[in-house]
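Trainee: For the working numbering, add 2 to where a residue sits in the sequence shown, where the first one is 1.
Glycine included, C-beta positions come from ideal geometry on N, C-alpha and C.
Here it is, the structure in full.
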Amino acid sequence: MGNFELAQVNISRMTAPLDDESFRDFVDALEPVNAIADRAPGFVWRLQTEDGDATSIRAFEWDVRGTSGILVNMSVWTSVEALADFVFSGEHLAVLKRRREWFHRVQDVMTALWWVPAGHRPTTAEAEAKIKHLRVYGPTPAAFTLKQHFSPASDAREGDPGWLCPA
Numbered sequence: 003m004g005n006f007e008l009a010q011v012n013i014s015r016m017t018a019p020l021d022d023e024s025f026r027d028f029v030d031a032l033e034p035v036n037a038i039a040d041r042a043p044g045f046v047w048r049l050q051t052e053d054g055d056a057t058s059i060r061a062f063e064w065d066v067r068g069t070s071g072i073l074v075n076m077s078v079w080t081s082v083e084a085l086a087d088f089v090f091s092g093e094h095l096a097v098l099k100r101r102r103e104w105f106h107r108v109q110d111v112m113t114a115l116w117w118v119p120a121g122h123r124p125t126t127a128e129a130e131a132k133i134k135h136l137r138v139y140g141p142t143p144a145a146f147t148l149k150q151h152f153s154p155a156s157d158a159r160e161g162d163p164g165w166l167c168p169a
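The following block contains the structure:
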């Protein structure tokens, strides 16, 4: 896949402000989980400020829908498999399993994946367009999911059944 890398975005609608006591465990887990991601096989890049995370980045404001705000996570990986290996293992999985403590349960698409030219770092505007595309058209080569993804050559592929996130 040398000419392409996998971009991913996931957003969450917060149940309370990030500085609320109910978010303490989540905030405490950010730095260690981000450090694990940074060292994970296949990791290339993640969206962050000089604080080392993306919690202060404002994007997807059109999707707040009466919540306490949107958190955005965006990263680039070498492959779908590398991303899935990180998402569904270790400390990240432990935090993922607790997401209902901090984020609203939603039916909307909140995660999108897409291929970018190697070396390209996606913007939040690109990520917003990918979420919107996926919500309207479902998985296509332009924006897809772990469950139904595409190769850089646009070949449809089914994800490992273990990659299904029981939301």
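Classify Ile59 as helix, strand or coil using the three-state DSSP reduction.
Mentor: Numbered from 1 along the sequence shown, position 57 holds the residue referred to as residue 59. In this structure, Ile59 counts as coil in the three-state DSSP scheme.
Trainee: Comparing alpha-carbon positions, which option in Val118, Arg123, Phe45, Glu103 lies nearest Leu20?
Mentor: Position 18 of the sequence shown, counted from the start, is the residue given in the question as residue 20. Residue nearest to Leu20 within the set Val118, Arg123, Phe45, Glu103 is Glu103 (criterion: CA-CA distance).
Trainee: For my contact list, Val82 and His151 are in at a C-beta cut-off of 8 angstroms; report their separation, rounded to the angstrom.
Mentor: Taking the sequence shown and counting its residues from 1, one reaches residue 82 at position 80. Taking the sequence shown and counting its residues from 1, one reaches residue 151 at position 149. Yes, they are in contact, since the Cβ atoms of Val82 and His151 sit about 5 angstroms apart, within 8 angstroms.
Trainee: How is the beta strand (DSSP E) around Glu7 delimited, first residue to last?
Mentor: Position 5 of the sequence shown, counting from 1, holds the residue named residue 7. Looking at the DSSP string, the run of the beta strand (DSSP E) that includes Glu7 is 6 to 15.
Trainee: By alpha-carbon positions, which one of Thr125, Phe146, Thr17, Arg137 ends up nearest to Arg60?
Mentor: Translated into the one-based positions of the sequence shown, residue 60 becomes position 58. Of Thr125, Phe146, Thr17, Arg137, the residue nearest in Cα terms is Thr125.
Trainee: Please name the residue, chosen from Pro34, Arg123, Asp110, that lies closest to Ser67 on a Cα-to-Cα basis.
Mentor: For the purposes of this step, residue 67 is taken as residue 65 along the sequence shown, with counting starting at 1. A quick correction: the sequence has Arg, not Ser, at residue 67. Among Pro34, Arg123, Asp110, the Cα nearest to that of Arg67 belongs to Asp110.
Trainee: Find the nearest neighbour of Ala114 within the set Leu85, Asp55, Ala37, Phe105, judged by alpha-carbon distance.
Mentor: Residue numbering aside, residue 114 sits at position 112 when the sequence shown is read from its first letter. When only C-alpha atoms are compared, the closest one is Leu85.
Trainee: Between the stretch 71 to 80 and the stretch 46 to 55, can you find at least three pairs of beta-carbon atoms closer than 8 angstroms?
Mentor: yes
Trainee: In the DSSP assignment, what residue or residues form a beta bridge with Met76?
Mentor: Sequence index remark: in the sequence shown, residue 76 carries index 74 (1-based). Per DSSP, Val11.
Trainee: Using the Cβ count rule (16 or more neighbours within 10 Å means buried), how would you classify Trp79?
Mentor: For the purposes of this step, residue 79 is taken as the residue at position 77 of the sequence shown. Trp79 is buried by the Cβ-count criterion.
Trainee: Return the CA-CA distance between Gly54 and Ile13, expressed in angstroms with no decimal places.
Mentor: Along the sequence shown, one-based indexing puts residue 54 at 52. Along the sequence shown, one-based indexing puts residue 13 at 11. Answer to the nearest angstrom: the Cα atoms are 17 angstroms apart.
Trainee: Can you tell me the Cα-Cα spacing of Lys134 and Pro34, whole angstroms?
Mentor: Here residue 134 refers to the residue found at position 132 of the sequence shown. Here residue 34 refers to the residue found at position 32 of the sequence shown. Rounded to whole angstroms, Lys134 to Pro34 spans 31 angstroms at the Cα level.
Trainee: If you count every other CB in all the chains shown that lies within 10 Å of the CB of Trp116, and 16 or more means buried, which is it?
Mentor: Position 114 of the sequence shown, counted from the start, is the residue given in the question as residue 116. Counting Cβ neighbours within 10 Å, Trp116 comes out buried, since at least 16 surround it.
Trainee: Just how far apart, CA to CA, sit Ala169 and Val29?
Mentor: Taking the sequence shown and counting its residues from 1, one reaches residue 169 at position 167. Taking the sequence shown and counting its residues from 1, one reaches residue 29 at position 27. At Ala169, the pLDDT of 46 sits below 50, so the modelled position is not reliable and the matter cannot be decided from this model.
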